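In the numbering used here, the protein residues as written are 2 to 684.
Where a beta carbon is used, it is the ideal one built from N, C-alpha and C, also for glycine.
The structure displayed is predicted, hence computed values, not measured ones.
Worksheet for the structure shown next.
Printed below as a string of structure tokens:
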């Protein structure tokens, strides 16, 4: 019974998190947050749970995931059959029609999961109930729902064992269901809401909120910001409150540290870490699943509290993205950012180098630390043949990105066909940087090609197909490609002789403001990437089979060598036995008083000693060979298990993933928060 109660609690959390991304529009009703106290470190709200789970189960993605043979494959690679069978039985029981009815009654409408700060000192060494009592579930239920009956039916036990006990608290009735092992689940009904937790603390606090003794969650700044910023008609909302978490941790760590002999030894590293994240207030998120799933994330910040270096990064203005003009329509993935402040990053790198430098105990002014950092920088610059602050940084702009065209799996090594681009401040300085870097590689000869009146520099590598590192300056950007063809395609796209990414149907499906002003973008052809990954499995299988064949040949030779060594051991042992017999014959003759030639005693003793060494040497060789053969057997087993996982788990999973056609993400820095909008086209 203890196991089933724990599984029930775990099930609730797993089911809520796992289904959340696909939940749809919910119905308005009594605000659940109005019965919860303020101060959770995390908050999750789900609406129309049963309805939206049913809709998710109708998608091709869910149907594909159902075809993945998780349990049988894990058994093949060494999983515990009994444990997996128990899990499968539990899963079957969980999704049985009867338990589905129970789940729908309890959690089928609207559910909230709130996690409140845990006292670390109390939790250490205590039972799990101390931790679970800080997790609160609020669910909207009908008038007919009986909690004790639902639990008993789910656990498959008689209702008498789950007979609830009641107590009055400020005009409300708190119910407690106790398992035979002594675990308690407390709950209270307030209007159409059921507040559930481990023990009765959560129920008492909810009542305190209702009667006005505690501040309601709806009054909390982080909650209000998340409600305001959430997607309309979202089926899932929530947030993580960094301020509450940081303040609670600081208070608890300070309290624990004061009990130590040297509290600053504990406090200083912790306080230094907190300074780096100061200014980050909360992370809100919401999900809406229509024909295109939308996932919105809002990082709320107080820029006045941020580290000065971080503050500059979060003040980057959104801008138009001009690189769309040369990005072709047949790519697999694309990324762009307009906020790479290389001067700021270089400043941070220098500060990190200075912190990491070893300062002598006699040095109080830090001069040795700076000198050590400068030595590292000088060594880097000597290797590059360039000065970072006078040659490299003045040449480069703040836009950076690239795109993946293809992954070739029909040659010896899978070769990604990609283009990297960066905005240029000064083309002459950028050319100087490239010339200096190429000059450091005397083995490579640079060639020039003119294509569409554009000069392309490339390194010819005839031994590797489709590999000729190339670069060109296109408008205000430096483009670096893995070969000439990818740069030809970029120039063709710019000349409108080839379709651009913005015209591709897969891009248009998830283009919600991607071509407007943003701070960064990401686009992925998920289905095509899954197919490429599937082809990579073919390459991996071929490579592993080749390795197994090589090892098999070596193993066969080693096994033959074992037989040869064993023959040598037998011969050496026979020779050793003959020498020992000769010596024993001489010694026996001496004992009997017979006249014998004793001049052979010393040579025979030496020969026996050498023969014994030969036998030991051969036996050690046999042992080494047997260990080698065993290692081959073990490695072959590892390869076989990897191939099973790739073919029987990874491949079906990738096939299911082809139901996700495309994905896009954009980031826009707002005055008080960073807005991240994600879109998924799912069949």
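Is it right to say residue i is buried, meaning 16 or more other beta carbons lie within 10 angstroms of its own, or is it exposed?
i           : result
residue 38  : buried
residue 283 : buried
residue 445 : exposed
residue 149 : Note on residue 149: pLDDT 48, under 50, position unreliable in the model; the coordinate value appears next. By the 10 Å Cβ count, residue 149 comes out buried.
residue 29  : Model confidence at residue 29 stands at a pLDDT of 46, short of 50, so the residue's coordinates are unreliable and nothing is read from them.
residue 20  : With a pLDDT of only 34 at residue 20, under 50, the local geometry of the prediction cannot be trusted, and no value is derived from it.
residue 519 : buried
residue 286 : buried
residue 440 : exposed
residue 366 : Bear in mind that a pLDDT of 49 at residue 366, under 50, signals an unreliable position, so the model cannot answer this.
residue 288 : buried
residue 526 : buried
residue 544 : exposed
residue 412 : exposed
residue 175 : buried
residue 585 : exposed
residue 582 : exposed
residue 530 : buried
residue 400 : buried
residue 511 : buried
residue 668 : buried
residue 296 : buried
residue 490 : buried
Under the assumption that residue i contacts residue j (Cβ atoms under 8 Å), give the Cβ distance between them as a whole number of angstroms.
i           : j           : result
residue 66  : residue 76  : 19 Å between Cβ atoms; not a contact.
residue 396 : residue 434 : 5 Å
residue 44  : residue 240 : 6 Å
residue 79  : residue 642 : 7 Å
residue 485 : residue 566 : With 8 Å as the limit, residue 485 and residue 566 do not qualify as a contact, their Cβ atoms being about 56 Å apart.
residue 36  : residue 207 : 5 Å
residue 354 : residue 438 : Their Cβ separation, rounded to whole angstroms, is 22 Å, which puts residue 354 and residue 438 out of contact at 8 Å.
residue 299 : residue 230 : 4 Å
residue 580 : residue 554 : About 39 Å separates the two Cβ atoms, so there is no contact after all.
residue 305 : residue 348 : At roughly 20 Å, the Cβ-Cβ gap does not stay under 8 Å, so residue 305 and residue 348 are not in contact.
Say whether chain B places a C-beta atom closer than 7 Å to the C-beta of residue i.
i           : result
residue 246 : In the structure shown, chain B does not exist; there is a single protein chain.
State the beta-bridge partners of residue i as determined by DSSP.
i           : result
residue 680 : 295, 665
residue 455 : 452
residue 281 : 302
residue 481 : 421, 472
residue 188 : 176, 197
residue 383 : For residue 383, which the question treats as bridged, DSSP gives no partner whatsoever.
residue 286 : 239, 298
residue 524 : 335, 665
residue 320 : 519
residue 675 : 300, 670
Which first and last residues belong to the beta strand (DSSP E) in which residue i is found?
i           : result
residue 174 : 173-179
residue 471 : 471-475
residue 404 : 397-409
residue 198 : 194-199
residue 338 : 334-338
residue 115 : 111-116
residue 705 : The structure shown does not extend to residue 705, since the chain spans only 2 to 684, so no value can be given for it.
Quick one: give me the first and last residue of the alpha helix (DSSP H) that residue i is part of.
i           : result
residue 105 : 98-108
residue 414 : Note, residue 414: premise wrong, no alpha helix (DSSP H); not H, not E.
residue 258 : 243-258
residue 1   : Outside the displayed range of the chain (2 to 684) lies residue 1, so it cannot be described from this structure.
residue 169 : Note, residue 169: premise wrong, no alpha helix (DSSP H); beta strand (DSSP E) at 166-170.
residue 47  : Run containing residue 47: none in the alpha helix (DSSP H); it sits in the beta strand (DSSP E), 43-48.
residue 130 : 129-133
residue 36  : Looking at the DSSP string, residue 36 is not in any alpha helix (DSSP H), and its letter there is neither H nor E.
residue 210 : 202-211
residue 346 : 343-357
residue 508 : 506-510
residue 463 : No alpha helix (DSSP H) holds residue 463; DSSP gives it neither H nor E.
residue 74  : 71-77
residue 391 : Run containing residue 391: none; DSSP gives neither H nor E here.
residue 606 : 602-646
Discussion item. Could you check whether the stretch 619-632 touches the stretch 602-611, counting it as contact only if at least three pairs of C-beta atoms, one from each stretch, sit closer than 8 Å?
Written reply: no
Discussion item. Tell me whether the stretch 642-661 and the stretch 52-72 touch, counting them as touching only if at least three CB pairs, one residue from each stretch, are closer than 8 Å.
Written reply: yes
Practice prompt. State whether the stretch 420-432 contacts the stretch 544-552, with contact taken as three or more CB pairs (one from each stretch) at a distance under 8 Å.
Written response: no
Worksheet item: Counting Cβ pairs closer than 8 Å, one from the stretch 329-341 and one from the stretch 502-511, do we hit at least three?
Response: yes
Practice prompt. Could you tell me whether the stretch 195-214 touches the stretch 251-261, using the rule of 3 or more Cβ pairs below 8 Å?
Written response: no
Practice prompt. Answer yes if the stretch 265-281 comes into contact with the stretch 205-220, meaning at least three C-beta pairs across the two stretches below 8 Å, and no otherwise.
Written response: no
Worksheet item: Does the stretch 308-325 touch the stretch 372-380, meaning 3 or more C-beta pairs lie closer than 8 Å?
Response: no
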